[in-house]
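Residue numbers (this note's numbering), protein chains in the order written: chain A, 53 to 164; chain B, 18 to 128.
Notes to accompany the following structure.
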Amino acid sequence: DAGVIQSPRHEVTEMGQEVTLRCKPISGHDYLFWYRQTMMRGLELLIYFNNNVPIDDSGMPEDRFSAKMPNASFSTLKIQPSEPRDSAVYFCASMTEYNEQFFGPGTRLTVL
Amino acid sequence: RKEVEQDPGPFNVPEGATVAFNCTYSNSASQSFFWYRQDCRKEPKLLMSVYSSGNEDGRFTAQLNRASQYISLLIRDSKLSDSATYLCVVMASGGYNKLIFGAGTRLAVHP
């Protein structure tokens with residue numbers, strides 16, 4: 053298995069632009085998580101899905117952030133409009149039935 | 018109080034040393050516990066799950082003390098390649114399947 057796949061790996065954009073991050077979870081994993089990591093705040097859970105349904109989005113910072121999971125093999129995290137304070141590494145992870153999470157390589161986002 | 022607390026370190030140890038990390042958690046109802054490892058500019062990777070009876074994987078030993086609400090990780094015979102940040106992770110209680118990550122303990126193994 054290729055593991056969790058994320059794209060793009062790096063994204064540099066200007067303030068106000070829309071950013072879309074993509075994730076393909078490991079096949080057979082029913083849970084998908086989106087995290088954000090910064091030096092100041094560490095690893096923060098943004099939202100997670102179970103069987104493509106959003107279960108807890110309490111970590112989503114504000115309305116500028118949205119996430120979807122249209123099917124079991126694909127999820128997106130969108131930021132519109134982006135701001136410099138959104139600069140971070142965004143990780144996607146999928147989870148086994150034994151609660152073991154496997155992370156993707158992350159998307160390093162820089163908003164200028 | 019944070020839900021999961023760790024000493025941020027860094028722990029600077031020579032090769033071959035034994036080093037131990039502790040982590041405390043606040044929710045006594047937590048049921049699942051893990052140690053993750055994160056290398057610089059990489060994603061966190063599962064190192065090992067922590068079972069009530071304690072468990073060992075090669076040079077790594079994890080222990081759980083429910084009464085005191087702490088988890089430990091012991092690394093024996095440290096290697097240069099063990100240099101990383103070690104994240105203590107607790108699963109939230111109440112039927113939620115989300116993990117609560119500690120801020121991590123940084124380990125630097127030197128020759």
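Beta carbons: idealized from backbone N, C-alpha and C, even for Gly.
As the structure is a computational prediction, the values presented were derived from the model and not from experiment.
Within the same chain, show all residues whose beta-carbon is closer than 8 Å to that of residue 154(A), passing over the 5 residues directly before and after it, in chain order.
-> 55, 56, 78, 81, 145, 146, 147, 148
Count the other C-beta atoms from every protein chain shown that fall within 10 angstroms of the C-beta of residue 134(A), then say buried if there are 16 or more, exposed otherwise.
-> buried
On the three-state DSSP scale, how would you describe residue 164(A)?
-> coil
Pull up the distance between the alpha-carbon of residue 163(A) and that of residue 72(A), whole angstroms please.
-> 13 Å
Could you pull out every unbroken beta strand (DSSP E) segment of at least 3 residues lying fully inside the stretch 37 to 121 of chain B, listed in chain order?
-> 50 to 55, 61 to 67, 72 to 74, 77 to 82, 87 to 92, 101 to 108, 116 to 118
Would you mind working out which of 70(A), 68(A), 85(A) sits nearest residue 158(A), comparing C-alpha positions?
-> 85(A)
Under the DSSP definition of a beta bridge, which residues are partnered with residue 47(A)?
-> One cannot answer for residue 47(A) here, as it falls past the ends of chain A, which runs 53 to 164.
For residue 88(A), which residues of its own chain have a beta-carbon under 7 Å away from its beta-carbon, when the five flanking residues on both sides are left out?
-> 96, 98, 140, 142
Buried or exposed by the 16-neighbour rule on C-beta atoms within 10 Å, applied to residue 61(A) | exposed
Nearest residue (CA-CA) to residue 106(B), options 85(B), 89(B), 96(B) | 89(B)
Can you tell me which of 151(A), 126(A), 100(A) puts its alpha carbon nearest to the alpha carbon of residue 75(A)?
-> 126(A)
Could you confirm whether any beta carbon from chain B is found closer than 9 Å to the beta carbon of residue 108(A)?
-> yes
Mind checking whether residue 91(B) and residue 41(B) have CB atoms under 9 Å apart?
-> no
Beta-carbon proximity check, residue 65(B) vs residue 151(A), cutoff 9 Å = no
To the nearest angstrom, how far is it from the Cα of residue 71(B) to the Cα of residue 136(A)?
-> 44 Å
Are the beta-carbon atoms of residue 83(B) and residue 103(B) separated by less than 9 Å?
-> no
Determine, using beta carbons only, whether residue 102(A) comes closer than 9 Å to chain B.
-> yes
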